[in-house]
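Numbering (the UniProt record's numbering), first residue to last: 1 to 284. Where a beta carbon is used, it is the ideal one built from N, C-alpha and C, also for glycine.
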Amino acid sequence: MNRLSCVGVSGVLLMIFALLSQKGWAQVNISGKPGLMNIPTARILSDGTFQIGYHYNPSHYDPRANDPNAGVSNNFIQSSSSVYYATLAILPRLEVTINIFHVNGDLPLRARGIGDRQFDVKYAVLTEREHRPSVAIIASAPFGIDNSLVTYAAVTTKNFTLSETFTAEVSAGFGSPYYFDRSDNGGNNFDIFSNYKLHNKNERPHPYLSGPFGGIAFRYKQKLGGMIEWDSQQLNLGAYAKLFDRWTMQAGVINFDQITFGTSYAVSLRKLPKRLRQKSDLEK
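1. Who are the Cβ neighbours of L91 in its own chain at under 8 Å, not counting the five residues just before and after it?
2. If you draw a straight line from the alpha carbon of Y84 to that of Y265, how long is it in whole angstroms?
3. Determine the contact status of E229 and G211, defining contact as a CB-CB distance below 8 Å.
4. Going straight from the alpha carbon of T263 to that of S82, what length do you get?
5. Quick one: what does DSSP say N195 is sitting in, helix, strand or coil?
6. Under 8 Å by Cβ, that's how I've got Y61 and H206 pegged, so tell me the actual separation to the nearest angstrom.
7. Measure the alpha-carbon distance for E169 versus Y123 and round it to whole angstroms.
8. Can you tell me whether DSSP reads Y61 as helix, strand or coil?
9. Under a three-way DSSP split, which group does N202 fall into?
10. So, under 8 Å CB-CB, P63 and S148 are touching, yes? Tell me the CB distance rounded to an integer number of Å.
11. Are there 16 or more other CB atoms within 10 angstroms of the CB of M1, so buried, or fewer, so exposed?
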């Protein structure tokens, strides 16, 4: 590990300690789903919850690097990336997520744009009970041309009470290395129902959720916590916190090498704003 990496890791550890001085518990993964840093969990947002956010992915773990299926060659280019997302729990067991994966830095002219757009669906097959874990499946729409965070996965999650103030959320799952896309349809955004091909994520040096994954989130008074995960490729460590009941912040170290961080903001579309609730109560 070089000097710059040591400085980066030291910096993120300070950030983690800063987060642990705040409040919160509801962390979100890189693609905008309830999860840890990179991996999802089977936890489902409350019905009617709308969540938007941002996640920074470091350059050494760029899932687009050396992609043999990319319409525009990006061989030997490893760049940091920004992921913007919006998630809506449209039913008690069903979430939909739209994310945009944008590569930071200079890109070839043909590769420029707002980024890869991806649409995901998450469904809770089982909800958690006292003696059984929750189980969820996640699937990405195959209409993309080069979706970096494409996911076909199943995950199970169980919460354990360790003491009056500490709980642990344990998750384990498996992500399929195979996926369909329209990589041969580059430049043709009007025909989304042709030229589908089956690909293997393991053809890339840093595939996302390709194989078994798992992690543990430790919570203190449901207000803050730390997490450790195996994202199918490397071991990651982080912490998260929630501010003002809606704003979540998190940071971590990917493979004990580079910093990742993210933030999200969630609101319930089923609840009126406070001023409108007060006005409604006065009118009753």
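Quick look at the numbers:
1. So the list reads D47, once near-sequence residues are dropped.
2. The alpha-carbon atoms of Y84 and Y265 are separated by roughly 12 Å.
3. Contact flag unset, no.
4. Computed Cα separation, rounded: 12 Å.
5. N195 carries a coil assignment under DSSP once its states are collapsed to helix, strand and coil.
6. The pair is a contact, with the Cβ atoms about 5 Å apart (cut-off 8 Å).
7. It is roughly 19 Å from the alpha-carbon of E169 to the alpha-carbon of Y123.
8. The three-state reading of DSSP puts Y61 in helix, counting H, G and I together.
9. Helix, per DSSP.
10. Going by Cβ atoms, the distance from P63 to S148 rounds to 4 Å, so yes, they are a contact pair.
11. Caution is warranted here: a pLDDT of 46 is assigned to M1, below 50, making its placement in the model unreliable, and the coordinate value is therefore given only provisionally. Classification for M1: exposed.
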